[in-house]
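So the structure is just underneath, and the comments pick up after that.
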Amino acid sequence: MSLHIAIDDKAPVAKTVLMPGDPLRAQYIAENFLEDARMYSSIRNMYGFTGTYKGVPVSIQGSGMGMPSMGIYSWELMTAFDVQNIIRIGTAGTFSENIDLGDIVIGLAASTDSNYQHTFELNGTYSPSCSYDLLTKAQAAGRENDIDFTAGNIVSCDVFYEINEDWWKKWAHMGVLGVEMETAALYMNAAYLGRNALSMVTISDNFVTGGRSSVEDREHGFTKMMELALETAVKTYEE
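In our numbering, the protein residues as written are 126 to 364.
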């Protein structure tokens, strides 16, 4: 049963789903990259679409902002619609002066300040990581399409407006590449349910240099990441 995602028999959810946080980005991808895209859900204006890319079925589902929202939508995709692969595509701020605005970062693991793991009743601190299978597919897709990315630890945080302006420096000192708000929940859900998850983000802010992308760039400008995610999705159908 799904409480937050509808289903249209004419546009069933594909086994591989791309999940941007912004539902308008989901619509943009569906309209500009997929063939025969049809909306299967618009509940709460969190749009979901299914179409084809290079002949294979791909769905695009908005996740909303933050781990609670990602937790709901990714869980329902995996349990109610039997989705096997979820690729998060979003934005992040980087803590590295060597990573530029517009660069792609893939989260090998997701540190977090959230208590999301409490639901799994783990006696310790769990370190959720990406699917190695999806990572290798992304590497192959990147090589074949000349799309570079950096991979490493990222941190998923509950708070967007931190009071302490230097809060990020301790994470940076530990080699964490940047911050976003969804990946840890996605990786935990996937681990618990035995599914594949991968988070790729385009850098929209640099904490070191102060650089910041425009609102328009955040919604429509990250085409390289979209292409990498779609090419990775194609490879989930190759055996």
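Each residue gets a CB set at the ideal place from its N, CA and C atoms; glycine is no exception.
Owing to the predicted nature of the structure, the values given are computational and were not obtained by experimental measurement.
In this structure, does DSSP put residue i in helix, strand or coil?
i      : result
Ala322 : strand
Glu364 : coil
Phe220 : coil
Glu305 : strand
Ser184 : strand
Asn314 : helix
Asp342 : helix
Val333 : coil
Tyr172 : coil
Ser239 : coil
Val208 : coil
Leu353 : helix
Leu233 : strand
Gly227 : coil
Gly196 : helix
Compute the Euclidean distance between the alpha carbons of residue i and residue j, then round it to the nearest angstrom.
i      : j      : result
Thr219 : Phe285 : 14 Å
Met171 : Pro148 : 5 Å
Asn270 : Asp228 : 15 Å
Arg169 : Ser199 : 16 Å
Gly277 : Ala162 : 33 Å
Cys282 : Ile288 : 13 Å
Gly146 : Asp258 : 23 Å
Lys295 : Gly303 : 12 Å
Ala205 : Ser127 : 6 Å
Gln264 : Glu341 : 28 Å
Pro137 : Ser221 : 40 Å
Met164 : Gly180 : 18 Å
Ser166 : Asp134 : 11 Å
Met313 : Leu323 : 11 Å
Ala212 : Gly187 : For the record, residue 212 in the displayed sequence is Ile; it is not Ala. Cα to Cα, Ile212 sits roughly 11 Å from Gly187.
Glu290 : Thr141 : 38 Å
Glu363 : His298 : 40 Å
Ser339 : Gly249 : 40 Å
Would residue i pass as a contact of residue j if the rule is Cβ separation under 7 Å?
i      : j      : result
Glu307 : Met203 : no
Ile130 : Glu201 : yes
Glu356 : Gly215 : no
Leu233 : Cys255 : yes
Ser239 : Val301 : no
Thr327 : Phe347 : yes
Phe275 : Val208 : The sequence shown places Thr at residue 275, rather than the Phe named in the question. Going by C-beta atoms, Thr275 is not nearer than 7 Å to Val208.
Phe245 : Trp293 : no
Met325 : Met350 : yes
Within a Cβ cutoff of 6 Å, which residues of the same chain sit near residue i, ignoring the five residues on either side of it in sequence?
i      : result
Asp330 : Gly218 and Arg337
Ala310 : Met192, Met195, Gly196 and Tyr241
Ile185 : Leu143, Ala151, Ile154, Ala155 and Phe174
Tyr251 : Gln242
Leu159 : Gly176 and Tyr178
Asn321 : Asn210, Ser256, Asp258 and Leu259
Pro182 : Ala139
Leu318 : Met203
Leu247 : none
Val280 : Ser236, Trp296, Val301 and Val304
If I measure Cβ to Cβ from residue i and keep anything under 7 Å in the same chain, skipping five residues before and after, which residues do I get?
i      : result
Ala316 : Pro253
Met190 : Gly146 and Met306
What does a CB cutoff of less than 8 Å around residue i pick up in its chain, not counting 5 residues either side in sequence?
i      : result
Ala372 : Outside the displayed range of the chain (126 to 364) lies residue 372, so it cannot be described from this structure.
Asn157 : none
Contact criterion: CB-CB distance below 7 Å. Does residue i meet it with respect to chain B?
i      : result
Val208 : Of the chains in the structure shown, none is chain B; there is only one protein chain.
Point to revise | Runs of alpha helix (DSSP H) wholly within the region 131-168 (minimum 4 residues, chain order) | key: 148-158
Exercise for review: List in chain order: all unbroken alpha helix (DSSP H) runs of 4+ residues lying wholly within the region 251-295.
Suggested key: 257-270
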